[in-house]
Amino acid sequence: MAVDRFSFEHALGTIEVSIEHLGACVVVCVSGGDEPHIGSVVLAEARTSLTGEGTSATSSVLNRLGHKDEFVARTVAETLAAALNTTVCCICGIHKDNATPEDIQACATLGHEIASILLERLAPNSSQQ
Numbered sequence: 077m078a079v080d081r082f083s084f085e086h087a088l089g090t091i092e093v094s095i096e097h098l099g100a101c102v103v104v105c106v107s108g109g110d111e112p113h114i115g116s117v118v119l120a121e122a123r124t125s126l127t128g129e130g131t132s133a134t135s136s137v138l139n140r141l142g143h144k145d146e147f148v149a150r151t152v153a154e155t156l157a158a159a160l161n162t163t164v165c166c167i168c169g170i171h172k173d174n175a176t177p178e179d180i181q182a183c184a185t186l187g188h189e190i191a192s193i194l195l196e197r198l199a200p201n202s203s204q205q
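Numbered as in the working numbering, the sequence shown ends at 205 without a single skipped number.
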């Protein structure tokens with residue numbers, strides 16, 4: 077699969093997302109806002125759920141000092157890893173100058189929004205492939 081790229085408008089600014097398969101693994105890059113950068117890198121690996129039923133994911137996180145991008149990256153990586161039963165790396169860097177409490181709250185659901193969009197685009201019958 078070639079690299080799939082898309083962008084959308086969000087309270088934090090334009091969010092850009094790319095996804096690429098590396099063999100059976102997946103790499104996702106999320107950036108945007110006023111200054112795209114690398115703030116956090118999350119590697120999630122699919123595993124059997126601790127309940128013994130279904131699939132979940134375990135992740136490792138690298139954060140740059142003072143960066144909160146982990147919250148988006150971890151959600152994206154773990155959600156995709158569990159849903160696709162594979163290893164997922166998510167690199168994330170979103171910055172908004174003078175972020176308000178409302179901006180920060182809007183970020184709380186961003187990881188779920190991105191994961192949902194990606195799973196839809198990766199669906200076997202998706203026209204986005």
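Built from N, CA and C at the ideal position, the CB exists for glycine as well. This structure is a prediction, so every number in the text was calculated from the model and none was measured.
*Three-pair Cβ contact test at 8 Å for the segment 125-133 versus the segment 183-202*: Not touching, per the Cβ criterion.
*Let me know the secondary structure DSSP gives T163 once reduced to three states.*
Shown here, T163 sits in a strand according to DSSP, grouped into three states.
*How would you label A157, buried or exposed, when you count the other beta carbons within 10 angstroms and need 16 or more for buried?*
Per the 10 Å Cβ criterion, buried.
*Just to confirm, are S135 and R150 a CB contact at a threshold of 8 Å?*
A contact, by the Cβ cut-off of 8 Å.
*Contact under 8 Å by Cβ, V148 with V102*: Annotated as distal: V148 and V102, with beta-carbon spacing of 8 Å or more.
*If we count the other Cβ atoms within 10 Å of its Cβ and call it buried at 16 or more, is L186 buried or exposed?*
With 16 or more other CB atoms across the displayed protein chains lying within 10 angstroms of its CB, L186 is buried.
*Starting from S192, trace the alpha helix (DSSP H) both ways and give me its first and last residue.*
It spans 186-198 - the alpha helix (DSSP H) in which S192 sits, taken as one unbroken run.
_Contact under 8 Å by Cβ, I170 with V117_ = Contact: no.
*When the Cα of G109 is compared with those of H86, T155, T162, which residue comes out closest?*
Selected option, being the one with the closest Cα: H86.
*Tell me where the alpha helix (DSSP H) around I114 begins and ends.*
Careful: I114 lies outside any alpha helix (DSSP H) and carries neither H nor E.
*With DSSP run on the structure shown, which of helix, strand or coil describes D80?*
D80: strand per DSSP, three-state reduction.
*Pull up the distance between the alpha-carbon of E92 and that of V104, whole angstroms please.*
If you take the alpha carbons of E92 and V104, they lie about 10 Å apart.
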